[in-house]
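Below: the structure, in C-alpha cells.
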Amino acid sequence: MATRAQVRIAVVQLLYAKDLGNEQAISGAAVFLDSKKIRHKQQEFALFLLHGICQDESLIMQVMEVFVKEWDIGRLGIIEKNILKLGIFELLKTKTQKAIVINEAIELTKIFNIEDACKLVNGVLDNVAKTSTDDIAKLIEERQAQIARSNLAQSVSTESPTNSNKSHNTTKKQKNNHNKKRLPLEIHSKTKRHSQSKKEVAFPKYNKIPLKQNNKKSSSYYDNKQSKIAKDS
C-alpha cells in the first residue's frame, strides 16, 4: 500500500500538470493514481486533497499572498506554489498534525530538487499554522483594502497630470482669446490666417503527466468525502 508521503508527491505532480494546461490531470486523476499503486483509502485521501485544493484555490492563494510577504508570488515556481497550496489546504481543512504537514512539505522540496525553497515553505506554513482562521480572514481583508488604496492612489496620480494640462491649456486659450479682442482688425485677421495654416500641418524539469483516459470526478467528490477523510487523518 502507498504511503501518505507518496500520496502528497502524486498530488503535487497532478497540480503541476494542471497548471501546465493538462486538462485531464484532475478529471483523470484516478487513472494516474492507479498507475502509481495509490488505491483504496490512500486514493480517496489523494482525491480529497486534489479536489479540495481545486475547489478552494482562490482562498488558498489569498492566504499564500498574505504570508509570503516580502516574496513576490510571481517569482515562485509552479512546484513551490503547489507544495504551498497542499500545505495550506492540509493546515486549514484537515486534522493532520501541523508539525507533520510542515515536515512533509519540506520533504517535498527535497524530492523535487528545490531545496532552496525549503526556508520559504517552512516559514510560510509555520506562520499559517500559528495563526487562527479568524485572524487569517482579517489579514486577507486588510491586504485587499491595502491593494484597493494603492490602486486608487495610482489611478489618481496617473490622472492628475492630464487634468493639470487640461486646466493649463484652457487658461492659455482664454488668455489668447482675450488678447485677440484687443488687437487691431488687420493684425487679428493675420493671426487668424496663421492659426488656420498651422492646423493644416500634420505631425523545473517535469513533463505533463500522461493520462490514459478521461475518468471524470466532479468537485462534489471533495464535498462527499471531506468528513470521512478528515476523520482518517
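Numbering of the sequence shown is given in the UniProt record's numbering, commencing with residue 1 and proceeding in unit increments. All residues carry an ideal CB built from backbone N, CA and C; glycine is no exception. The structure presented is a predicted model; accordingly, all values stated were derived computationally and were not measured.
Per-residue burial, residue i [other beta carbons within 10 Å of its own, 16 or more giving buried]
i    : result
R75  : exposed
V156 : exposed
G52  : buried
I73  : exposed
G28  : buried
I147 : exposed
E57  : exposed
E142 : exposed
K69  : exposed
K93  : buried
Which of helix, strand or coil DSSP assigns to residue i
i    : result
I38  : coil
D28  : Here residue 28 turns out to be Gly, not Asp, going by the sequence shown. It is coil, neither helix nor strand.
S58  : helix
L20  : coil
S132 : coil
R8   : helix
M64  : helix
T158 : helix
K69  : coil
A145 : helix
A46  : helix
K190 : Note that K190 has pLDDT 46, beneath the 50 cutoff, so the model's placement of it is unreliable and the number below is only indicative. K190: helix per DSSP, three-state reduction.
A2   : coil
L152 : helix
7 Å Cβ shell around residue i - same chain, five flanking residues per side excluded
i    : result
T3   : none
R8   : L86, E104, L108
L33  : A10, Q43, A46
A129 : L91, K98, I102
N122 : I102, I106
Nonlocal neighbours in the same chain, by C-beta distance under 8 Å from residue i, ignoring five residues either side
i    : result
K36  : A2, Q6, A10
N151 : none
L14  : A25, I26, A29, F32, L50, I209
F89  : L49, G52, I53, D56, I60
M64  : I73, K81, L84, K85, I88, V124
T133 : L92
Close Cβ partners of residue i (< 6 Å) along its chain, the five nearest in sequence each way excluded
i    : result
I78  : Y16, D19
Q62  : I140
A145 : none
Any non-hydrogen atom of the ligand COA closer than 8 Å to residue i Cβ
i    : result
V128 : For the structure depicted, the ligand COA is absent and the ligand set is empty, with no information on it obtainable.
Which ranges would you report for the alpha helix (DSSP H) in the segment 72 to 118 if only whole runs of at least 4 residues count?
78 to 93, 98 to 111
If contact is defined by three or more beta carbon pairs under 8 Å, each pair taking one atom from either stretch, is the segment 131 to 138 in contact with the segment 94 to 102?
no
Would the segment 38 to 50 count as touching the segment 108 to 127 if we require 3 or more Cβ pairs under 8 Å?
no
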